[in-house]
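Below: one structure, written as structure tokens.
In this note's numbering, the protein residues as written are 171 to 434.
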């Protein structure tokens with residue numbers, strides 16, 4: 171009986187030791203290197219409440235909330251926050267050590283896995299606009315590909331009543347060195363003024379129109395321009411049209427002057 175008791179105690183001690191990890195690893199063979207982990211090709215799993223929360227596979231890939239499929243894979247339910255409060259350093263750094271990325275690759279790619287039917291933001295950057303003010307969006311990329319820079323997408327805040335009609339809205343304007351506007355078709359330009367069939371308004375009729383309306387035909391009034399803004403492409407085409415009409419009037423007047431001079 172005594173032998174059985176001693177053997178049982180030894181087996182219990184071996185079993186208990188085999189089920190625990192020490193700070194020197196699974197076997198404790200290296201007294202100079204403390205670590206928690208594996209010394210074989212098995213994954214390391216961390217659990218709470220008997221539910222796996224994090225896994226490091228034998229290749230060093232890390233998965234939090236899911237099995238790792240890349241060097242770091244996160245699957246987090248609910249809100250996720252990254253908070254930095256060191257006023258001496260930048261809050262968040264993201265950089266790639268790749269020298270030259272292959273064509274078509276992205277340094278950063280944020281995406282939804284499921285199609286979104288509602289108007290939601292893919293990426294929003296926000297900051298307080300005044301001291302003590304709650305942070306408001308200053309840069310927003312929507313799921314429909316539209317971008318707003320400068321203020322909230324909310325019409326009541328931004329003052330933009332037709333933002334959703336445009337792919338890009340910039341509050342307070344932009345400064346740029348170059349703008350190129352594409353013309354969809356040949357008939358979108360104003361050279362049709364020089365066609366023989368084009369009906370040029372008589373100068374007397376034009377004079378009468380200007381006296382009555384205080385603006386050129388087809389050109390929006392000051393009030394209309396302030397209320398609705400102007401379309402850059404349409405306005406440039408319209409101005410070109412008026413220049414071409416003016417050119418035709420000048421040519422016609424020049425012919426009349428020449429005829430008068432020749433008749434003397």
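C-beta: ideal position from N, C-alpha, C; glycine also.
Practice problem: Assign residue 312 to buried or exposed, taking buried as 16 or more other Cβ atoms, counted over all protein chains shown, within 10 Å of its Cβ. | Solution: Sequence index remark: in the chain shown, residue 312 carries index 142 (1-based). Per the 10 Å Cβ criterion, buried.
Practice problem: Counting only runs of 3+ residues fully inside the stretch 277–323, write out the beta strand (DSSP E) ranges in chain order. | Solution: 291–297, 306–312 and 317–319
Practice problem: Go to residue 377, then tell me how far its alpha helix (DSSP H) extends in each direction, as first and last residue. | Solution: Position 207 of the chain shown, counting from 1, holds the residue named residue 377. Per DSSP, residue 377 belongs to the alpha helix (DSSP H) from 373–383.
Exercise. Would you check if the stretch 341–351 and the stretch 382–396 touch, i.e. whether three or more CB-CB distances between them fall below 8 Å?
Key: no
Exercise. Find out if the Cβ-Cβ distance for the pair residue 411, residue 354 is shorter than 8 Å.
Key: To locate residue 411, count along the chain shown from 1; it is residue 241. To locate residue 354, count along the chain shown from 1; it is residue 184. No, Cβ-Cβ distance for residue 411 and residue 354 is not below 8 Å.
Self-check item: Nonlocal neighbours in the same chain, by C-beta distance under 7 Å from residue 211, ignoring five residues either side
Solution: Within the chain shown, numbered from 1, the residue matching residue 211 stands at position 41. Cβ neighbours of residue 211 beyond the five flanking positions: 228.
Self-check item: First and last residue of the uninterrupted beta strand (DSSP E) at residue 243
Solution: Taking the first residue of the chain shown as position 1, residue 243 is located at position 73. Start and end: 242–244.
Quiz prompt | Best match in 278, 274, 259 and 254 for proximity to residue 265 [C-alpha to C-alpha] | solution = Locating residue 265 in the chain shown gives position 95, counting from the first residue. When only C-alpha atoms are compared, the closest one is 278.
Practice problem: Give the range of the alpha helix (DSSP H) segment to which residue 392 is assigned. | Solution: Along the chain shown, one-based indexing puts residue 392 at 222. 392–398 is the extent of the alpha helix (DSSP H) around residue 392.
Practice problem: Verify the CB distance criterion: does residue 275 have a CB-CB separation below 8 Å to chain B? | Solution: Absence of chain B from the displayed structure is noted, only one protein chain being present.
Quiz item: Between residue 418 and the rest of its own chain, which residues show a CB-CB distance below 6 Å, the 5 nearest in sequence each way excluded?
Solution: Here residue 418 refers to the residue found at position 248 of the chain shown. Excluding sequence neighbours, residue 418 sits near 370.
Quiz item: Nearest to residue 316 by CA position, among 296, 292, 373 and 387, is which residue?
Solution: Residue 316 sits at position 146 when you count from the first residue of the chain shown. Answer by Cα proximity: 292.
Quiz item: Where does residue 207 land, buried or exposed, given buried means 16+ other C-beta within 10 angstroms?
Solution: Position 37 of the chain shown, counted from the start, is the residue given in the question as residue 207. Per the 10 Å Cβ criterion, exposed.
Practice problem: Drop a sphere of 10 angstroms on the beta-carbon of residue 347, count the other beta-carbons inside from all chains shown, and report buried for 16 or more, exposed for fewer. | Solution: As a position in the chain shown, residue 347 is number 177, starting the count at 1. Classification for residue 347: exposed.
Self-check item: Residue from 249, 226 and 271 with nearest C-alpha to residue 238
Solution: As a working note, residue 238 is residue 68 in the chain shown. Of the listed residues, the one whose Cα sits closest to residue 238 is 226.
Practice problem: May I have the straight-line CA-CA distance separating residue 403 from residue 307, to the nearest angstrom? | Solution: The residue labelled residue 403 in the question sits at position 233 within the chain shown. The residue labelled residue 307 in the question sits at position 137 within the chain shown. Spanning the two alpha carbons is a distance of roughly 30 Å.
Quiz item: Just the Cα atoms here: how many angstroms apart are residue 365 and residue 398?
Solution: One-based indexing of the chain shown puts residue 365 at position 195. One-based indexing of the chain shown puts residue 398 at position 228. Whole-angstrom Cα-Cα distance: 32 Å.
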